[in-house]
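Be aware that the sequence shown starts at 1, since it is given in this note's numbering, and climbs by one per residue. Think of the CB as a built atom: it goes at the ideal place given N, C-alpha and C, for glycine as much as any other residue.
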Amino acid sequence: MVKQKKPVVVVTRRLPDAIQQRMQELFDVRLNAADKPMTAAQLAEAMKSADVLVPTVTDKIDAALLSKAGEQLRLIANFGNGVDNIDVATAVQRGITVTNTPGVLTEDTADMTMALILAVPRRLAEGANVLITDQDWNGWSPTWMLGHRIWGKRLGIIGMGRIGQAVARRARAFGLQIHYHNRRKVAPKIEEELDATYWESLDQMLARMDIVSVNCPHTPATFHLLSARRLKMLRPEAYIVNTARGEVIDENALARLLESGDIAGAGLDVFEHEPAVNPKLVKLAKAGKVVLLPHMGSATLEGRVDMGEKVIINIKTFMDGHRPPDRVLPSML
Ligand code: 8YV
């Protein structure tokens, strides 16, 4: 029997050691030991020889790049859940299968969302900073560092998929009332379990919430879903949390409304032009109005290993001639 040639797999960023090791056993893998994001030219070069590309959120695989790909490129196995870094429609048109890593980062991302829901109203980052910077702490005082209670408040979740539901489960335990906006209502059983109220109109929901959490994917339909017009509907006491994608919020408009006090605060793990962060938001963070995290929602070792496992399973299944479990189709977006 002729031994099958191992597929050439180009991995654009450094992955956990255990994953890279397994990939080296299974594939003719090209790793990125330096972990420096690849330029468009480097990606184009890699796509000329790769059978499989394993990109991440930091690689923009657009139509221009796909048009330069060699005929042998058959699979883009994204290391990540969101696929807004890939022009899926063009890839599929060119006969390239696209997969992602759903499910395994749900709980970690929901934890980080809950952490931000707590951190902003309870001034966690500000308080923690007092003790490690040169500011003087004069001891406990009845009126110092007062934040706001989250128990009993209304949480409006935008995007009630896996992550939105995992956030709702946590938030329920913290005494928050669950409201949500989604393309469609979730199953009655889930609504019942979460005691969740569905709002078909996002505008109407926004005007009534104390905290809003963005948990939907970034697609053409959700780009600037929270536009300047919609952000203005939020109450001045409202907080906004985003662990999904920066592009879902008009970041400039958000910064303006935070500056003017028309929105009380924000907790952001993602940004519109990553890795650039709007300087206005940085200024607001220094003033204690917002908490900024550098895209850490799924950043646990366990999560990243699970994501890597999913990538390997997708590649193996595809190479064995089967439909990979996490195939993404344009109609799903
Ligand atoms: C990932 C994410 O780490 O999976 C996603 O959609 O947002 C992140 O948490 C990143 O996308 C890896 O490519």
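Next item on the list: Could you tell me the distance, in whole angstroms, from the CA atom of residue 35 to the CA atom of residue 317?
Entry: 27 Å
Notebook entry, point to check: Which of helix, strand or coil does DSSP assign to residue 21?
Noted result: helix
Next item on the list: Pick out the complete beta strand (DSSP E) segments inside the region 232-275, 3 residues or longer, and give them in chain order.
Entry: 239-242, 265-268
Notebook entry, point to check: Do residue 248 and residue 226 have their C-beta atoms within less than 8 Å of each other?
Noted result: yes
Notebook entry, point to check: Going by Cα to Cα distance, which pick from 17, 16, 18, 29 is closest to residue 5?
Noted result: 29
Item checked: Among 149, 204, 321, 313, the one whose alpha carbon lies nearest that of residue 102 -> 313
Check: Are residue 261 and residue 239 close, meaning C-beta to C-beta below 8 Å?
Finding: no
Item checked: First through last residue of the alpha helix (DSSP H) which encompasses residue 317 -> 301-319
Margin query: Can you look up residue 323 in the DSSP assignment and give me helix, strand or coil?
Written below: coil
Notebook entry, point to check: Roughly how many whole angstroms lie between the Cα atoms of residue 275 and residue 257?
Noted result: 22 Å
Next item on the list: List the DSSP bridge partners of residue 72.
Entry: Paired residue(s): none; residue 72 is not in a bridge.
Notebook entry, point to check: Which residue's Cα is closest to the Cα of residue 13: 224, 112, 56?
Noted result: 56
Checklist line | Residues of its chain near residue 134, where Cβ-Cβ distance is below 8 Å and the 5 sequence neighbours each way are ignored | finding: none
Notebook entry, point to check: Does the beta-carbon of residue 53 have 16 or more other beta-carbons within 10 angstroms, so that it is buried, or is it exposed?
Noted result: buried
Next item on the list: Tell me where the beta strand (DSSP E) around residue 11 begins and ends.
Entry: 8-11
Notebook entry, point to check: Tell me the DSSP bridge mates of residue 167?
Noted result: DSSP lists no partner for residue 167.
Check: So, residue 348 versus residue 50, is the Cβ gap smaller than 8 Å?
Finding: Here the chain has residues from 1 to 333 only, and residue 348 is not among them.
Margin query: Taking the beta carbon of residue 150 as the centre, do at least 16 other beta carbons fall within 10 Å, making it buried, or is it exposed?
Written below: buried
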